[in-house]
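Below is one structure, written out as structure tokens; the observations come after it.
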Amino acid sequence: MKILLDADSCPKGARELAIKRSAQLNIKLIFAANRQIPEAQGAVMEICGAGENSADDRIVELAAEGDLVISRDIPLAKRLVEKNISVIDDRGRVFTKENINEALSLRNFMVGLAENGMGAVRQKNYGKKELKTFADSLDRILARQKP
69 MKILLDADSC PKGARELAIK RSAQLNIKLI FAANRQIPEA QGAVMEICGA GENSADDRIV
129 ELAAEGDLVI SRDIPLAKRL VEKNISVIDD RGRVFTKENI NEALSLRNFM VGLAENGMGA
189 VRQKNYGKKE LKTFADSLDR ILARQKP
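Take 69 as the starting number for the sequence shown in my numbering and just add one per residue.
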């Protein structure tokens with residue numbers, strides 16, 4: 069088992085928690101990003117090209133059944149869930165075969181609204197509550213999947 073983290077858009081607190089948990093459980097952690105992530109100490113850093121979706125493509129390439137991916141990118145999550153790979157976002161939402169199509173549809177709807185000037189796609193600030201929910205989801209999945 070390994071953990072892959074879509075590091076470009078992941079909040080610092082979630083990245084730090086992933087590093088801490090992977091070290092505690094001796095699980096390989098890979099940060100995939102288009103740039104160096106300063107606090108990636110303890111993780112393998114995969115610097116991906118600047119092209120659109122290059123980090124996503126690298127994560128899909130590296131991920132295997134039994135791994136965990138942390139990403140808020142719903143189209144990426146769909147690609148991974150279809151390969152039977154566990155995916156959670158940095159706020160603790162678990163993506164599954166049962167909910168990924170609805171999440172993607174809602175995401176596409178919101179992006180469409182924003183593109184037509186009818187509202188921006190915004191997330192709430194990332195605080196202690198969001199980090200706690202992420203930590204709980206991360207711990208549940210790691211406990212279930214760790215051999």
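Glycine is no exception: its CB is placed at the ideal position from the N, C-alpha and C atoms.
| message | Given a cut-off of 8 Å on the beta-carbon distance, is the pair P157 and K70 in contact? | response | For the sequence presented, residue 157 should be read as Asp rather than Pro. No, the pair does not count as a contact, with Cβ atoms beyond the cut-off.
| task | Within its chain, find whatever has a CB closer than 7 Å to the CB of R89; leave out the 5 residues flanking it on each side and keep chain order. | result | Excluding residues within five positions, the ones whose Cβ falls inside 7 Å are L206, L210.
| query | When the Cα atoms are used, what is the spatial distance from N193 to K151? | reply | Going by C-alpha positions, N193 is about 31 Å away from K151.
| task | Could you check if V179 is buried or exposed, using at least 16 other CB atoms within 10 Å of its CB as the buried criterion? | result | By the 10 Å Cβ count, V179 comes out exposed.
| said: Give the list of continuous alpha helix (DSSP H) stretches no shorter than 4 residues that lie fully inside the region 105-134. | reply: If one requires a minimum length of 4 residues, the alpha helix (DSSP H) runs lying completely within the region 105-134 are 122-130, in chain order.
| query | How big is the Cα-Cα spacing for C116 and N169? | reply | If you draw a straight line from the Cα of C116 to the Cα of N169, it comes to about 27 Å.
| query | Whose CA, out of I105, S154, N94, I95, lies closest to the CA of A75? | reply | Looking at the Cα atoms, I105 is the closest of the given residues.
| task | Jot down the residue ranges of each uninterrupted beta strand (DSSP E) in the region 70-107, minimum 3 residues, whole runs only, in chain order. | result | Assignment of beta strand (DSSP E) within the region 70-107, counting only whole runs of 3 or more residues, yields 70-74, 96-101 in chain order.
| What do you reckon, are the CB atoms on G110 and L97 nearer than 8 Å? | Going by C-beta atoms, G110 is nearer than 8 Å to L97.
| task | Going by DSSP, name the residue or residues bridged to V155. | result | Per DSSP, the beta bridge partners of V155 are V137, F163.
| query | Is it buried or exposed for R126, if we count other Cβ within 10 angstroms and need 16 for buried? | reply | Counting every other CB atom within 10 Å of its CB across the protein chains shown gives R126 a total of 16 or more, marking it as buried.
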